[in-house]
Amino acid sequence: MKIQFENITKTFGNLVANDSVSFHIESGTIHAVIGENGAGKSTLVKILAGLLSPDSGKLYVDDKLVQLGTVKESQSVGIGILGQEPWDFANLTIIESFMVGSNKNSRFMDYKKIRIAVSEYCKDYGLEIDVNTQVKNLSVGERQQIELFRLLFNGAKVIILDEPTSAFSLDQKEMVFDTLKRLAENGYSIVLVSHKIDEILQICSRATIMRSGKVVDTLNLPVSPKTLIDLMFGVENRTHYEANSSLQSDSFLQIERFSNQGKSLNQFRDVTEGCILGIAGLQGSGADGFVKSIFDSDHYTVSITTSSNKNYFKGKSTTYLPSDRLEKGLFSDLSVLEHFALAKTSRNSLINWSKVESDASSLMLEFGIKGQVDSMASHLSGGNQQRLMLSLIDESTRILLMEQPTRGLDVLSAQFVWDKLIESKKERMLTVFSSHDIDEICMYSDYIICFHGDDISGYGSNIDLTKSDVMNLISGKFEDET
65 MKIQFENITK
75 TFGNLVANDS
85 VSFHIESGTI
95 HAVIGENGAG
105 KSTLVKILAG
115 LLSPDSGKLY
125 VDDKLVQLGT
135 VKESQSVGIG
145 ILGQEPWDFA
155 NLTIIESFMV
165 GSNKNSRFMD
175 YKKIRIAVSE
185 YCKDYGLEID
195 VNTQVKNLSV
205 GERQQIELFR
215 LLFNGAKVII
225 LDEPTSAFSL
235 DQKEMVFDTL
245 KRLAENGYSI
255 VLVSHKIDEI
265 LQICSRATIM
275 RSGKVVDTLN
285 LPVSPKTLID
295 LMFGVENRTH
305 YEANSSLQSD
315 SFLQIERFSN
325 QGKSLNQFRD
335 VTEGCILGIA
345 GLQGSGADGF
355 VKSIFDSDHY
365 TVSITTSSNK
375 NYFKGKSTTY
385 LPSDRLEKGL
395 FSDLSVLEHF
405 ALAKTSRNSL
415 INWSKVESDA
425 SSLMLEFGIK
435 GQVDSMASHL
445 SGGNQQRLML
455 SLIDESTRIL
465 LMEQPTRGLD
475 VLSAQFVWDK
485 LIESKKERML
495 TVFSSHDIDE
505 ICMYSDYIIC
515 FHGDDISGYG
525 SNIDLTKSDV
535 MNLISGKFED
545 ET
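Going from the sequence shown to the working numbering is simple: count from 1 and add 64.
As structure tokens, then:
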């Protein structure tokens, strides 16, 4: 199915998200839509999926003009969308999820025919699974594949994928990629929104690059990674940091993990003060809760003790940046200026608004936050929300805790985040971050703790653990070999 965008424009107040966007997507291709945060790509695919309506412009499906303003209208012409996490029914079996999630009239659906259809999808696309299995018992990759099959079952001929591999292991990613390639070979059109240049070059045959709401270029792939990065940002990307494994410090930290009953589960005694500690694990593993438990005990307790036996656990010396920036890290209905006023003004003190505005403008410039001081946090892109959170970190912070610090960010925004963290890491006693991105873990961590499920499966310095080691530890392969 061919898709053609013709002069699509979409605005939000004074912000032009899509500015006369025109390009086409051929049948039987995997077509990437890429760009930095705020480039307009998410707005564009939401228009295609029926989640937003354009202000002007035309959209053609197989050379026929269509009006898409709702998800139902998009589904009716064969367009479906798959987000970062499957929109499935965890407590139902696979077959039941097809019945509940179908846009067909369930009163006239034949259970036996559905079972046959689902089984054929699994067989055709190489997924060996019992169709009576509960969805919650599937891996993330399997759930994404089942969601893909459900879109096909509902008649989708164009499938939009928004950052689909953010929480995948290598095996799960390859599983879904194989399915996408097969779908393209069978004439389906795949639209892939991703920040991961290596994935785009691995699987896509064409790419449209957007910047500031406009199409910069549409080109055939493969090309060099540098070509895509330069088109995305208009500047050359900076050199990545390599973790300094030989930190010059004689001070060590003891990190200890306890059960709810107070039993010591793990001890790490050789973590050097001033280092960056990476917590690796797949989505849903204990890595997701480990960072938060240092700051606010929930499942278990993590304590950090210095060589002088001083215990850092809570208080102003510890800052926690959650993965859900807008819901838990910022106030969506407050402006950038109001965030600075809350963070930088002492309790019970009068707010000097002129000074706050001056300081806010300076920090926005320093941290590259695009927008105005009166811009609402909810109106900022993901990259600018993360930059705002970084700019609000108190100078007295000794332990910085971060969950998924660059999730959903483009290459340049992610690089900026790490440049700032590395620049200031020597001022802190410890920087701890969790990530599902193995490259990020291995590139920026001085010391790595790996989770498989709720258990720690391995740990060591970035010299001791290779990328392959980390991948095996978080996927449980080392356990399988023993």
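We put the CB at the ideal spot given by N, CA and C, even for glycine.
So, with DSSP's three-state summary, where would you put Ile358?
If DSSP states are grouped into helix, strand and coil, Ile358 belongs with the helices.
Could you spell out the range, first to last residue, of the alpha helix (DSSP H) harbouring Gly446?
Taken as a continuous stretch (DSSP letters only), the alpha helix (DSSP H) holding Gly446 covers 446-455.
Give the secondary structure of Asp83 by DSSP, where H, G and I count as helix, E and B as strand, and everything else as coil.
Correct three-state label for Asp83: strand.
Since Phe515 sits in a beta bridge, which residues does DSSP pair it with?
The partner list for Phe515 (beta bridge, DSSP) reads Ile520.
Per DSSP, which residues does Lys392 bridge with? Please list them.
Answer is none; Lys392 lacks a bridge partner.
In terms of DSSP beta bridges, what is Leu283 paired with?
Beta-bridge pairing links Leu283 to Ala271.
Quick check: the Cα distance between Val496 and Lys260, rounded to an integer number of angstroms?
Computed Cα separation, rounded: 23 Å.
Would you mind listing the alpha helix (DSSP H) stretches within the segment 392-436 that are 4+ residues and don't spill past its ends, in chain order?
Within the segment 392-436, the complete alpha helix (DSSP H) runs of at least 4 residues are 400-408, 417-430.
Do you know how far the Cα of Val437 is from the Cα of Val400?
Going from the Cα of Val400 to the Cα of Val437 covers about 5 Å.
Where do the ends of the beta strand (DSSP E) carrying Asp226 lie?
Segment 222-226, the beta strand (DSSP E) holding Asp226.
Check the DSSP bridge columns for Met239 and list the partner residues they point to.
Answer is none; Met239 lacks a bridge partner.
What does DSSP give as the partner residues of Met493 in its beta bridges?
DSSP output for Met493 lists no bridge partner at all.
Going by the beta-carbon positions, is the gap between His257 and Glu227 smaller than 8 Å?
Note that residue 257 is Val in the sequence shown here, rather than His. The answer is yes: Cβ separation under 8 Å.
Please report the Cβ distance between Gln450 and Val420, rounded to the nearest whole angstrom; I am assuming they are in contact, meaning their Cβ atoms lie under 8 Å.
With 8 Å as the limit, Gln450 and Val420 do not qualify as a contact, their Cβ atoms being about 21 Å apart.
Near Asp518, which residues of its chain fall below 6 Å by C-beta distance, leaving aside the five closest residues on each side in sequence?
Gly350.
With burial defined as no fewer than 16 other Cβ atoms inside 10 Å of the residue's Cβ, what is the status of Ile293: buried or exposed?
Counting Cβ neighbours within 10 Å, Ile293 comes out buried, since at least 16 surround it.
Do Glu504 and Thr470 come within 8 Å of each other at the CB atom, strictly closer than that value?
Yes, the Cβ-Cβ distance between Thr470 and Glu504 is below 8 Å.
Asn448 to Gly432, Cα distance in whole Å?
When rounded, the distance between both Cα atoms is 8 Å.
Among Pro286, Ile267, Asp483, Phe297, which one has its Cα closest to the Cα of Ile273?
Closest by alpha carbon: Phe297.
Should Asn196 go down as buried or exposed, given a rule of 16 or more other Cβ atoms within 10 Å for buried?
By the 10 Å Cβ count, Asn196 comes out exposed.
According to DSSP, is Met535 helix, strand or coil?
If DSSP states are grouped into helix, strand and coil, Met535 belongs with the helices.
Assuming Gly446 and Arg389 make a contact with CB atoms under 8 Å, what is their CB distance in whole Å?
Right, the Cβ-Cβ distance comes to about 7 Å (below 8 Å), so this counts as a contact.
Determine the closest residue to Ser488 out of Leu346, Gly393, Ile340, Lys434, with distance taken between C-alpha atoms.
Nearest option by C-alpha distance: Ile340.
Please identify the residue among Gly92, Leu115, Glu192 whose C-alpha is closest to the C-alpha of Leu550.
In the structure displayed, the chain extends from 65 to 546; residue 550 sits before or after that span and is not available.
What is the DSSP secondary structure of Ser253, counted as helix, strand or coil?
If DSSP states are grouped into helix, strand and coil, Ser253 belongs with the strands.
So the candidates are Ser460, Cys186, Gly142, Lys176; which of them puts its Cα closest to the Cα of Met239?
Nearest C-alpha to Met239: Cys186.
Excluding the 5 residues flanking Ser509 on each side, which residues of the same chain have their C-beta closer than 7 Å to its C-beta?
Within the same chain, Ser509 has close Cβ partners Ala307, Ile340, Leu341, Gly342, Asn526.
With Ala181 as the anchor, note down where its beta strand (DSSP E) starts and where it stops.
Ala181 -> not in any beta strand (DSSP E); alpha helix (DSSP H) instead, spanning 175-188.
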